[in-house]
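Below is one structure, written out as structure tokens; the observations come after it.
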Amino acid sequence: MSASAADQPTPSTKPMTVPRFVAAKTQGRKLTMVTAYDFLWARLFDDAGIDSILVGDTLGMVVQGKSTTLPVTVDEMIYHTEMVSRAVQRCLVIADMPFMSFQESPQDAVRNAGRLLKEGGAAAVKLEGGVNQADTIQALAAADIPVVAHIGFKPQSVRKVGSMGKIQRDETQLLADAEAAQNAGAFAIVLEMVPRNIAHKITESLTIPTIGIGAGPDCDGQVLVSQDFLGLTTGFQPKFLKRYADLHQIATTATQEYIREVRDGSFPGPEHTHE
């Protein structure tokens, strides 16, 4: 059953900034984040009151139809980030740093992240890694580029771990990664596919917000891929995913009705025709 209009959250009119994002943790206010890759959906989510939009390298899979995120390029990320940034009025836009845009050296990372901010209009970037990317996070922070870390399951490491969505259970490593990212200057950290008890410990130990995906309700916020929670994708149902709509079925039904009406001549009718 859908909530009434009176029950819906009232979107804030204040622009979401990095300091406001960080302050939400101490204020006890849960943060909301979704992915978007174009102007239309970014405007919708911004109008709805979302705190942050992640322009994820997941676009390689959900937009381009590829099997992994690995082929996504910096230029492609800039293209999609610019559309999203142009659409929003108030939420925080974070752009993913794609595979091999930051792994070679901190200098490469600063250059590519700078492009995402300067050309793409992002307010911040996100990169996968903790201890192993502490120097890179520090270099980005030193260049005044706000950065979100991403630990737990890291999709760009799919060739190493062997499968998508593998739960990460090494508590010692996860805690070390989280601490290293915070100490290096990250202002938030995504926890992906981390058991709830470990995610809880990480969240309690850090002063920066944790954003969970498959990491339980104790994180400071949550992120979902928009096509997944809106029911546009099919055949993908991880345990952490809740579908809030079935837009795939709605769109399919509407398209089939359009086809039928064109074929039987009922569309366009007189009300759709210029005389």
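The sequence shown runs -5 to 269 under the working numbering. Every residue, glycine too, gets a C-beta built ideally from N, C-alpha and C.
The C-beta distance from L185 to A193 rounds to 5 Å, short enough to fall under 8 Å. The way I'd put it, the region 8 to 27 does touch the region 212 to 230; three or more beta-carbon pairs between them come closer than 8 Å.
The way I'd put it, the region 109 to 116 doesn't touch the region 164 to 174; fewer than three beta-carbon pairs between them come closer than 8 Å. A248 sits exposed, since fewer than 16 C-beta atoms from the chains shown fall within 10 Å of its C-beta.
Here the region 43 to 50 lies against the region 78 to 90, with 3 or more beta-carbon pairs under 8 Å apart.
Taking each of Q167, P13, D90, K236 in turn and checking the Cα distance to T67, the smallest one comes out for D90. For E122, the secondary structure class from DSSP, reduced to helix, strand or coil, is strand.
Around the beta carbon of S99, fewer than 16 other beta carbons sit within 10 angstroms, so the residue counts as exposed. Residue state for S79 is assigned as helix, using DSSP reduced to three classes.
Beta-carbon to beta-carbon, G50 and T62 are separated by about 13 Å, too far to satisfy the 8 Å threshold. Per the DSSP secondary-structure output, Q132 pairs with nothing in a beta bridge. Closest by C-alpha distance to T20, out of T204, G146, I145, T166, is T204. Straight-line spacing of the CA atoms in E251 and G263 works out to 14 Å. Comparing C-alpha distances from V82 to each of G59, R23, G115 shows the shortest one belongs to G115.
DSSP lists no beta-bridge partner residue for D102. Scanning the region 216 to 258 from its first residue to its last, the whole alpha helix (DSSP H) runs of 4-plus residues come out as 220 to 223, 241 to 258. Here V78 is buried, its C-beta having at least 16 other C-beta atoms within 10 Å.
Counting only runs of 4+ residues, the alpha helix (DSSP H) found wholly inside the region 10 to 86 occupies 12 to 21, 33 to 42, 53 to 56, 68 to 81, in chain order. Comparing alpha carbon positions, the residue from A103, N126, G123, S151 closest to I139 is A103. Per DSSP, the beta bridge partners of A182 are V142. Around the beta carbon of V142, 16 or more other beta carbons lie within 10 angstroms, which makes this residue buried. Counting along the chain, no beta strand (DSSP E) covers T197; the unbroken alpha helix (DSSP H) around it starts and ends at 190 to 199. At least 8 Å separates the beta-carbon of Y238 from that of L226. DSSP, read as helix, strand or coil, puts T166 in helix.
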